[in-house]
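Every letter in the sequence shown is one number past the one before it in the working numbering, and letter 25, counting from 1, is 25.
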Amino acid sequence: MAKLDEKIGFIGGGNMAFAIGSGLINREFVKTSQVLVSGPNLENLARWRALGIATTDDNYEVLDKADIIFICVKPHILTPMAAQLRSLHSPTLKDKDKLFVSVLAGVKLKTLEEKFSFVEGLKMIRTMPNTPMQIGEGITVYSPGSYVKQQDLEKLHLMLNSLGIAQQVPESMIDPVSGVAGCGPAFVFTIIEALADGGVKQGVPRQMALQFSAQMLLGAAKMVLLTGKHPAVLRDEVCSPGGATIVGVHELEKGNLRSTLINAVEKSSERATELGKK
Ligand SMILES: NC(=O)c1ccc[n+]([C@@H]2O[C@H](COP(=O)([O-])OP(=O)(O)OC[C@H]3O[C@@H](n4cnc5c(N)ncnc54)[C@H](OP(=O)(O)O)[C@@H]3O)[C@@H](O)[C@H]2O)c1
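Have a look at this one:
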């Protein structure tokens, strides 16, 4: 039995929408019959249909039929997409019951509320999710707009928390979190690949090197989360005096790994802010 009765809509059915939608289906949070997805090219929505989910090339159908509407287009598409919906919409009593959830990097609640001001009593929540939600290991932070009620927040929290961790934060923290959690999976995929390349260079077969690199990262991440120890303490525990690990750690320091990652988070969160202004 589904945990939610509402109809869920996605305007834009790309990677982020699919991570959330397929995650909710996998967790049996909603049934496929409760989901509707729109996008300009039906051929690009085939993976939704493969799950048994209805798709349409009419964004207004999602606005009209869904109770919880995820806005999942790229930031520069927001203005034309919202303008088109505005031109088709006549205010109805259903408006104030609908919940809008934006995943757009950098786009402020104020802007989202302006663009969708044609919806009476607009309930808008700004979020920053990440793609590991697809496998129930995601992170989402969220901030509510003016008319959002406590019960709406609780519903959204339950939904997003079922796909990992969800947490309400002040809106000013969303872009900084984007740099760590929204963009972070791409940084970590690069690290996994590079570690595997190191293994291959030393003679480990490619498949094994990739699997071990990813599993090692998972294990190390779980140690941080489950022991509550600072990563530096855990690292010191692995580095025996004169041993093999401290030699590798020294190489990381020479290559400025920590500084590079700090810069990556900084640049990505700044870019998120920039994208939202366009
Ligand atoms: N990917 C991430 O890790 C991540 C993380 C956090 C937040 N986000 C946010 O998620 C949003 C989507 O990113 P994404 O990575 O999912 O990009 P994406 O895979 O390119 O998805 C964007 C989708 O929007 C569709 N689209 C284009 N014009 C549209 C229109 N007028 N109406 C409805 N749909 C339209 C595209 O369809 P076509 O392909 O057919 O053009 C595409 O399916 C962005 O705002 C991004 O900031 C992404």
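Beta carbons are placed, not taken as given, at the ideal position from N, Cα and C, and that holds for glycine. Here the structure is a predicted model, which means the values were calculated and not measured.
| Asked | Found |
| --- | --- |
| Enumerate, from N- to C-terminal direction, the unbroken beta strand (DSSP E) stretches of 3 or more residues contained entirely within the segment 111–154. | 124–128, 138–144 |
| For the beta strand (DSSP E) containing S102, list its first residue and its last residue. | 99–102 |
| In whole angstroms, what separates the C-alpha of A105 from that of G12? | 14 Å |
| Beta-carbon separation of I69 and F100 under 7 Å? | yes |
| Between the alpha carbons of V265 and L195, how many angstroms are there, rounded? | 20 Å |
| If you measure from the CB of T32, is any heavy atom of ligand 1 nearer than 6 Å? | no |
| With DSSP as the reference, please indicate the residues paired to S38 in a beta bridge. | I11, T56 |
| Check for me: the beta strand (DSSP E) holding Q167 runs from which residue to which? | 164–168 |
| Which same chain residues end up closer than 7 Å to F187 when comparing Cβ atoms and leaving out the 5 residues on each side of it in sequence? | L261, A264 |
| Mapping the DSSP letters down to three states, classify F29 as helix, strand or coil. | coil |
| Going by other Cβ atoms of all chains shown within 10 Å of its Cβ, with 16 needed for buried, is N41 buried or exposed? | exposed |
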